[in-house]
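Reading through the structure tokens given below for one structure.
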Amino acid sequence: MARFKLMEVTVSWTVLLTLAHFTYLLVGATIVRILEREAESNNRDHFQLEKLHFLANYTCLDGPGLEKFVKLGKCLTIHLGRLERGMVSVFPHKQTVESRAVSLFFISGSLVFVVIPPLLFSYVKGWMFGKGFYFAFITLSTIGFGDYVVGTDPDRQCISLYRSLAGIWIIFALA
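If you're matching positions, the sequence shown starts at 1 in the UniProt record's numbering and goes up one per residue.
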């Protein structure tokens, strides 16, 4: 190992190079911080103004509520990223992952919003599956002829829970 003598003190070149490298990094970081300080401050102030403007426009949401939504969004982003990485490890090509994800969401969405509800309508209303499917499709395609309306059958007593769940189904399915 090469050594360097400085005033009767032996110093390793590795130590000197490591010290010079870290000094170089610290000087560079300090310069970047000085150059970016004003822009970062402006961005932070702009973000706070946008946040206050958002809270002023949407009065049903307060600051702590917004923070909860932000935390929820971060958690969802992290978990969906993990899910995507898991799919990438199983399917190495990006197009395969994207097409499988689209297929998965399409199939599960079709099941949840177009196939399962007609089964429930058939059970509750006494319809055949085809009639329930017709009602689901016509309702969700926003054609809505009006020939079938939730909870208006004069021969049957529909409970409010059924009408509420049907309303929630329509809202989520149209979203």
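For each residue, glycine too, the CB sits at the ideal point set by N, CA and C.
>> Below 8 Å on the Cβ atoms is my contact criterion, and I expect G109 with P118 to pass it. Report the Cβ-Cβ distance as a whole number of Å.
In response: Actually they do not touch by this definition, with Cβ atoms about 15 Å apart.
> Helix or strand or just coil, what does DSSP make of T10?
Replying inline: strand
> When DSSP labels each residue in this structure, what does A101 get in the three-state scheme?
Replying inline: helix
> With C-beta atoms as the reference, is M87 less than 8 Å away from V97?
Replying inline: yes
>> I'd like the span of the alpha helix (DSSP H) that includes I171, first residue to last.
In response: 160 to 174
> With 16 as the cutoff for other CB atoms within 10 Å, does V150 come out buried or exposed?
Replying inline: buried
> In three-state DSSP terms, what is Y148?
Replying inline: coil
> Which of the three DSSP states, helix, strand or coil, is assigned to S141?
Replying inline: coil
> Buried or exposed: which applies to A166, given that a residue is buried once 16 or more other Cβ atoms fall within 10 Å of its Cβ?
Replying inline: buried
> If you run the structure through DSSP and keep just helix, strand and coil, what is H93?
Replying inline: coil
> Got a sec, what are the start and stop residues for the alpha helix (DSSP H) V114 sits in?
Replying inline: That residue, V114, is in no alpha helix (DSSP H); it is neither H nor E in DSSP.
> If you drop the 5 nearest sequence neighbours on each side, which residues of the same chain put their C-beta closer than 6 Å to that of A136?
Replying inline: V114, P117, P118
> How many whole angstroms separate the CB atoms of L140 and A173, which I take to be in contact at a CB cut-off of 8 Å?
Replying inline: 5 Å
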